[in-house]
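Visitor: So the mapping is simple: our numbering equals the position in the sequence shown, first residue as 1, plus 1.
Can you keep this structure in mind? I'll have questions shortly.
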Amino acid sequence: RILNPNNYNEKYDIDEDKQSLKKLKEAKLDEQFPDEVDTPMNVPARVRFQKYRGLKSFRTTKWDVKENLPSDYGRIYQFPNFRSMIKQIQNEQENNQHKHDHAQVHSYVTLYVKDVPVNRFEPGHHLFVTGLLPYEQCLSVLNMVLNRTNDSEIIVKSKERIIFHVGYRRFASAPIYSQHTNGDKHKFERYFRPHQTLVATCFGPITYPPASVLAFKQFPDGRQELIATGSLISVNPDRLILKRIVLSGHPFKIHKRSAVIRYMFFNPDDVNWFKPIELRTRWGRRGHIKESLGTHGHMKCQFDGILKSQDTVFMNLYKRVYPKWTYESLSIQQEQQKQQLENNEENMQ
2 RILNPNNYNE KYDIDEDKQS LKKLKEAKLD EQFPDEVDTP MNVPARVRFQ
52 KYRGLKSFRT TKWDVKENLP SDYGRIYQFP NFRSMIKQIQ NEQENNQHKH
102 DHAQVHSYVT LYVKDVPVNR FEPGHHLFVT GLLPYEQCLS VLNMVLNRTN
152 DSEIIVKSKE RIIFHVGYRR FASAPIYSQH TNGDKHKFER YFRPHQTLVA
202 TCFGPITYPP ASVLAFKQFP DGRQELIATG SLISVNPDRL ILKRIVLSGH
252 PFKIHKRSAV IRYMFFNPDD VNWFKPIELR TRWGRRGHIK ESLGTHGHMK
302 CQFDGILKSQ DTVFMNLYKR VYPKWTYESL SIQQEQQKQQ LENNEENMQ
């Protein structure tokens with residue numbers, strides 16, 4: 002496509018450029034200092050981070066999956082045992098193969114659609130018909146493992162609008178991303194970067210695996226770019242996705258395995274509030290808070306080894322995050338978006 006230099010500025014969206022630059026800077030900062038946040042000086046840390054908690058072990062510490070669920074979870078269906086349901090459906094499909102009460106493969110059928118106006122049918126467009134398995138008309142939480150495509154270099158942020166093709170269905174949602182790991186807890190990822198493999202979690206219609214997944218990013222001009230491919234791994238609202246924040250402090254005075262740490266908190270009440278949570282350092286030391294010193298948030302800490310002055314002390318805090326209710330069926334909008342894209346291409350010529 003050849004751009005016309007005479008009307009180039011008319012097609013240029015400076016607001017979109019500013020947002021892209023801001024997201025790029027935030028992504029680079031998050032990559033350089035993963036999950037680190039600054040403790041506010043005007044708000045107590047125990048108030049600012051009241052939804053977070055410490056974990057002695059991310060792998061083994063228990064977390065109640067039914068605790069403080071959002072109201073949107075009351076609108077979805079949850080299987081008592083999803084794998085058992087899959088086996089039950091597979092057995093039913095095998096048993097029905099020998100029956101003759103349904104249309105056979107390669108046979109012609111006449112389809113009557115009830116309560117649909119004739120003007121909704123447009124000649125020249127394909128009509129796809131599919132049957133639904135049990136509960137596929139319900140909504141639930143879908144977990145899809147996605148691999149970034151090799152030619153896609155854009156950075157995708159969690160809770161950004163993505164268009165999904167899951168099996169034969171097409172819908173838009175704003176997923177959250179987490180690491181594809183074993184265990185009952187999975188770390189939330191703020192960005193879906195190029196060449197990564199993550200799990201996208203969002204609300205959507207129940208679908209049984211195996212189901213292929215295509216993920217598209219739509220731009221303001223209507224253009225779509227394939228950013229990831231993958232498959233559906235589960236329909237499970239109980240998947241624990243934990244967002245981590247890291248508070249950092251710096252050694253002020255060091256005496257053997259003891260050290261005075263500052264800049265992590267700014268008042269003694271916050272020090273006492275977070276006292277039970279374990280500390281770690283950039284160079285692999287482990288420690289804990291002994292007591293608060295003074296009125297400016299300094300604290301005496303004990304470590305399992307001698308601390309170095311250039312080391313940094315961290316405290317990990319976690320909270321559970323949930324996908325937003327942003328499900329949007331695109332079966333009707335598809336032609337409108339196609340027409341809009343064609344109009345934009347005509348205007349660019």
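Quick reminder that beta carbons are idealized off the backbone N, C-alpha and C, glycines included.
Just so it is clear, the structure is predicted and the values come from calculations on it, not from any experiment.
With three or more C-beta pairs closer than 8 Å as the rule, is the segment 203-213 touching the segment 311-327?
Guide: yes
Visitor: Kindly provide the ranges of any beta strand (DSSP E) runs that are 3 or more residues long and lie completely inside the segment 226-310, ordered along the chain.
Guide: 241-256, 259-263, 280-282, 287-294, 299-304
Visitor: Quick check on DSSP: helix, strand or coil for F83?
Guide: Taking the first residue of the sequence shown as position 1, residue 83 is located at position 82. Note: F83 maps to helix in three-state DSSP.
Visitor: Would you list, in sequence order, the uninterrupted alpha helix (DSSP H) runs of no fewer than 4 residues that lie entirely inside the segment 11-59?
Guide: 15-33, 46-49
Visitor: Around the Cβ of D65, are there at least 16 other Cβ atoms within 10 angstroms (buried) or fewer (exposed)?
Guide: Within the sequence shown, the letter at position 64 stands for residue 65. D65 counts as exposed, since fewer than 16 other beta carbons sit within 10 angstroms of its beta carbon.
Visitor: Output the distance between the C-alpha atoms of L351 and D36, rounded to the nearest integer angstrom.
Guide: Here the chain comprises residues numbered 2 to 350, so residue 351 is not present and cannot be evaluated.
Visitor: Starting from the Cα of F172, find the closest Cα among V200, L143, D18 and give me that residue.
Guide: Your numbering for residue 172 matches position 171 in the sequence shown. Out of V200, L143, D18, L143 has the C-alpha closest to the C-alpha of F172.
Visitor: To which residues does DSSP link K158 through a beta bridge?
Guide: What you label residue 158 is simply residue 157 of the sequence shown in a count that begins at 1. K158 pairs with Y192.
Visitor: Cβ atoms of N148 and T230: under 9 Å apart, would you say?
Guide: The residue given as residue 230 occupies position 229 in the sequence shown. The residue given as residue 148 occupies position 147 in the sequence shown. Contact: yes.
Visitor: Can you tell which of S179, L233, E154, H126 has the C-alpha that lies nearest to the C-alpha of R191?
Guide: The residue given as residue 191 occupies position 190 in the sequence shown. Per the Cα distances, S179.
Visitor: Is the segment 223-238 touching the segment 279-293, taking contact as three or more C-beta pairs under 8 Å?
Guide: The segment 223-238 is not in contact with the segment 279-293.
Visitor: Could you check whether the Cβ of G75 sits closer than 8 Å to any heavy atom belonging to the ligand PLP?
Guide: What this structure holds is no ligand at all, so the ligand PLP is not there to describe.
Visitor: With burial defined as no fewer than 16 other Cβ atoms inside 10 Å of the residue's Cβ, what is the status of P238: buried or exposed?
Guide: Against the sequence shown, residue 238 aligns to sequence position 237. When all chains shown are included, P238 counts as buried.
Visitor: Could you check if K244 is buried or exposed, using at least 16 other CB atoms within 10 Å of its CB as the buried criterion?
Guide: In the sequence shown, counting from the first residue as 1, residue 244 sits at position 243. Per the 10 Å Cβ criterion, buried.
Visitor: Going by DSSP, what residues sit across from N144 in a beta bridge?
Guide: Taking the first residue of the sequence shown as position 1, residue 144 is located at position 143. N144 pairs with T202, S235.
Visitor: Restricting to Cα atoms, I'd like to know which of G132, F220, F129, S310 is closest to R258.
Guide: By one-based count along the sequence shown, residue 258 stands at place 257. Minimum Cα-Cα distance from R258 among the listed residues G132, F220, F129, S310 corresponds to S310.
Visitor: Just to confirm, is the Cβ distance from R54 to L241 under 9 Å?
Guide: Along the sequence shown, read from residue 1 onward, the residue named residue 54 stands at position 53. Along the sequence shown, read from residue 1 onward, the residue named residue 241 stands at position 240. Taking 9 Å as the Cβ cut-off, R54 and L241 do not qualify as a contacting pair.
Visitor: What did DSSP end up calling R149 once you bin it into helix, strand or coil?
Guide: Numbered from 1 along the sequence shown, position 148 holds the residue referred to as residue 149. In this structure, R149 counts as strand in the three-state DSSP scheme.
Visitor: I need the DSSP call for I163, collapsed to helix, strand or coil.
Guide: If you number the sequence shown from 1, residue 163 lands on position 162. Here I163 sits in strand by DSSP.
Visitor: Excluding the 5 residues flanking I333 on each side, which residues of the same chain have their C-beta closer than 8 Å to its C-beta?
Guide: Within the sequence shown, numbered from 1, the residue matching residue 333 stands at position 332. In this prediction, I333 has a pLDDT of 49, which is less than 50 and means its spatial position is unreliable; nothing more can be read from the coordinates.
Visitor: Grab me the residues of D270's own chain with a C-beta within less than 8 Å of its C-beta, minus the 5 sequence neighbours each way, in chain order.
Guide: Here residue 270 is taken as the residue at index 269 of the sequence shown, counted from 1. Answer for D270: P45, R47, listed in chain order.
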